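Trainee:
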Amino acid sequence: AQKVTQAQTEISVVEKEDVTLDCVYETRDTTYYLFWYKQPPSGELVFLIRRNSFDEQNEISGRYSWNFQKSTSSFNFTITASQVVDSAVYFCALSGIQGAQKLVFGQGTRLTINP
Amino acid sequence: NAGVTQTPKFRVLKTGQSMTLLCAQDMNHEYMYWYRQDPGMGLRLIHYSVGEGTTAKGEVPDGYNVSRLKKQNFLLGLESAAPSQTSVYFCASSDPHSGGPEQYFGPGTRLTVT
Chain A
512 AQKVTQAQTE ISVVEKEDVT LDCVYETRDT TYYLFWYKQP PSGELVFLIR RNSFDEQNEI
572 SGRYSWNFQK STSSFNFTIT ASQVVDSAVY FCALSGIQGA QKLVFGQGTR LTINP
Chain W
656 NAGVTQTPKF RVLKTGQSMT LLCAQDMNHE YMYWYRQDPG MGLRLIHYSV GEGTTAKGEV
716 PDGYNVSRLK KQNFLLGLES AAPSQTSVYF CASSDPHSGG PEQYFGPGTR LTVT
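Chains as they are written, first to last, in this note's numbering: chain A, 512 to 626; chain W, 656 to 769.
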């Protein structure tokens, strides 16, 4: 069975601090996808990034970066120089590659950036 | 493009009542999904569809039915609502054959069953 664990339920930091959101996953599949989604206070889910299990290259997009380590089954998300607009619930998710990519979500981490 | 839209945005039902949630997408996506979001539990898959006329059960299908009569629409039905079905429902779509596996979500429907 697939499982995603986001152990940090809530994180609160002051603006401009760096913050890392942890994600640990379990799967028996040899190939899979990992995702991060953002849910701002307005409630919609916004796709941020997808990684393939066979591509362990880290990725940076502006202030956002993702660290994928297959050896520790982790896919962590770092926000550098956080801003108030980064306040949201962030979800890590996992899916298989074949057929319908049914997402298995973690419990989410509520991130609050204080001015 | 409107992307993924959901109707209605809010609904209050009494126990035992029935209702249908409508999801529509204009991206010509092949796959569509229904999830529910409960506090502290993330999103869980209810049912999904890999094409017009096909549906399949997800992780938490009991008490729900779905239909995909047209490619662009995916309906979620509650035949006899129960308080345990109070939740926020999200529809999503994707097309891994053309656009990648990431799913795009609708704005959600907040359902309260009293």
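Heads up, the beta-carbon is just placed ideally off N, CA and C, and yes, glycines get one too.
In this text the structure is predicted, and so the values were computed from the model without any measurement.
Could you give the DSSP three-state label for Q740/W: helix, strand or coil?
Mentor: Here residue 740/W refers to the residue found at position 85 of the second sequence. Residue state, collapsed to three classes: helix.
Trainee: For L614/A, which residues in the same chain have their Cβ closer than 8 Å to its Cβ, ignoring the five residues on either side in sequence?
Mentor: As a first step, residue 614/A must be located in the first sequence, where it is residue number 103. Around L614/A: F546, A604, L605, S606.
Trainee: Does V596/A come out as helix, strand or coil in the three-state DSSP assignment?
Mentor: Numbered from its first residue, the first sequence carries residue 596/A at position 85. DSSP places V596/A in helix when its eight states are reduced to three.
Trainee: For P551/A, which residues from the same chain have a beta carbon less than 6 Å from its beta carbon, with the 5 sequence-adjacent residues on both sides left out?
Mentor: What you label residue 551/A is simply residue 40 of the first sequence in a count that begins at 1. The answer, listed in chain order, is A599.
Trainee: Taking 6 Å as the limit between beta carbons, can you name the residues of its chain near S523/A, skipping five residues before and five after?
Mentor: Taking the first sequence and counting its residues from 1, the one referred to as residue 523/A is at position 12. Answer for S523/A: T623, listed in chain order.
Trainee: Can you look up T670/W in the DSSP assignment and give me helix, strand or coil?
Mentor: Translated into positions along the second sequence, residue 670/W becomes position 15. Here T670/W sits in coil by DSSP.
Trainee: Between G573/A and the rest of its own chain, which residues show a CB-CB distance below 8 Å, the 5 nearest in sequence each way excluded?
Mentor: As a first step, residue 573/A is located in the first sequence; it is residue number 62 there, counting from the start. So no residue of the chain qualifies.
Trainee: Let me check one thing: in DSSP terms, what residues is C678/W bridge-paired to?
Mentor: Working through the second sequence from its first residue, we reach residue 678/W at position 23. According to DSSP, which records beta bridges pairwise, C678/W is partnered with Q661/W, F729/W.
Trainee: Under 8 Å Cβ to Cβ from R763/W, same chain only, skipping five residues before and after it: list those, please.
Mentor: Counting from one through the second sequence, the residue named residue 763/W turns up at place 108. Checking the sequence shown, residue 763/W turns out to be Gly, not Arg. Answer for G763/W: Q661, K664, Q692, V743, Y744, F745, listed in chain order.
Trainee: Check whether the Cβ atoms of L675/W and A736/W lie closer than 9 Å to each other.
Mentor: Sequence index remark: in the second sequence, residue 675/W carries index 20 (1-based). Sequence index remark: in the second sequence, residue 736/W carries index 81 (1-based). The sequence as given places Thr at residue 675/W; Leu does not occur at that position. The answer is no: Cβ separation not under 9 Å.
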